[in-house]
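Working notes for the structure below.
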Amino acid sequence: MHFVIAVPLDKELASFIGKKGSENSITFYNRLYGENVVVALAPSSIDDKPYGLAQSMLMSSQIVISTASIDRYFGEVLVAAGLLEKRVIFTNDNEIGNLAKSAGIAAYEIYGKEELLDKIVDFKPKQELIDSKEKRVDLDKAFVVKGVGSVVLGIVSKGSVAVHDTLYASSGKQAFIRSIQSQDKDIELAPLYTRVGLAIKGIEADEIEKGEIFASSAITPKDRISAKLKVSGIVEGELKEGSSYGLAINFSFTSCFVEKIEGSTVELKLDKPLPFEKGDEFFLIRQKQPRLFAKGVVL
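All the letters of the sequence shown, read from the start, carry residue numbers 101 to 399 under our numbering.
Structure follows, in structure tokens:
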């Protein structure tokens, strides 16, 4: 099976989990563990690129948090993890029970480094995502390989993708999958959460931006989001109509303007259209800590 995890705080821990691979605002660490593949996503710079932190946590199904250093970034990651409600694993370097509870993390697990990989591959993903007839790949990089043509890197986030499948970009253009690689090996089928390199025909690499989505049907870009929003209890009175924030959704990032708030529902106007669909999660990002202060689910 394939597992995608976030390691937001500790690059040494990420290096322990896997070998460093491609890098943009997120650094990917890859590990073949028995018959399983673990891909760890770590923000390349948590200090000045909070969207990398947000994207790494959004695109993962488990969050592994190092307790080696209890600082303001640790607190920020706690707040974000509490909003996402995903499986959270802490390392056993320091006692953090009260801090986790205050950040809204009701259920979590604590393990030593030597246990981590076994516990990570124990995770059971949502069956409906595995069985989905709809296919989706979230992309973070595109480039040209001599003799191969356009290649995209991404994560299978719904269903499974096979060689000779035809997927649709957000523009509506068709991408025919000529070949698939995972962990430097050619494969015929990429199941849920596989980190893939797809050699494609029909779309040029320079037409593809980070955050593009290939799917069974085109997920067209939109410049407005209607969402159910959850604001951290640590932040009171922050969200107001007329305010502007950063917005990270999937592998995309832009700025947004709060047009309307009605209870827990918000209407947001985006600075640029982005591809997303119902059920996708996003973070709102502000200047001061905790920067990732609210999580939304697209309605």
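For every residue, glycine included, the Cβ atom is placed at its ideal position computed from N, Cα and C.
The beta-carbon separation of Asp371 and Cys356, rounded to 7 Å, stays under the 8 Å limit for a contact.
Put simply, the stretch 319-327 does not touch the stretch 295-306. Fewer than three CB pairs are less than 8 Å apart. In the three-state reduction of the DSSP assignment, Glu362 falls in the strand class, which pools E and B. Residue state for Asn198 is assigned as helix, using DSSP reduced to three classes. Secondary structure note for Glu214: its alpha helix (DSSP H) is the uninterrupted segment Lys213 to Ile220. In the three-state scheme derived from DSSP, where H, G and I count as helix and E and B as strand, Ser352 is classed as strand. Rounded to the nearest whole angstrom, the CA to CA distance from Val296 to Lys258 is 13 Å. A direct Cα-to-Cα measurement between Asp222 and Gly342 gives close to 45 Å. Ranked by how close their Cα comes to the Cα of Asn136, the residues Met101, Glu359 and Glu309 have Met101 in first place.
In this structure Leu239 touches Ile308 by the C-beta definition: roughly 6 Å separates them, less than 8 Å. If you check the CB distance, Val366 and Leu392 do not come in under 8 Å. Three or more Cβ pairs closer than 8 Å define a contact, and the stretch 162-174 meets that threshold against the stretch 191-208. The C-beta distance from Tyr129 to Ser115 rounds to 6 Å, short enough to fall under 8 Å. Here Leu339 carries a coil assignment [DSSP, helix/strand/coil]. Residue pairing by DSSP places Ala168 in no beta bridge whatsoever. Secondary structure at Glu185: coil, using DSSP grouped into helix, strand and coil. Beta-bridge partners assigned by DSSP to Arg295: Ile255. Nearest to Gln387 by C-alpha distance, out of Val335, Lys310, Ser316 and Leu368, is Val335.
When the five nearest sequence neighbours on each side are left out, the beta carbons in the same chain lying within less than 6 Å of the beta carbon of Glu176 are those of Gln389 and Pro390, in order along the chain.
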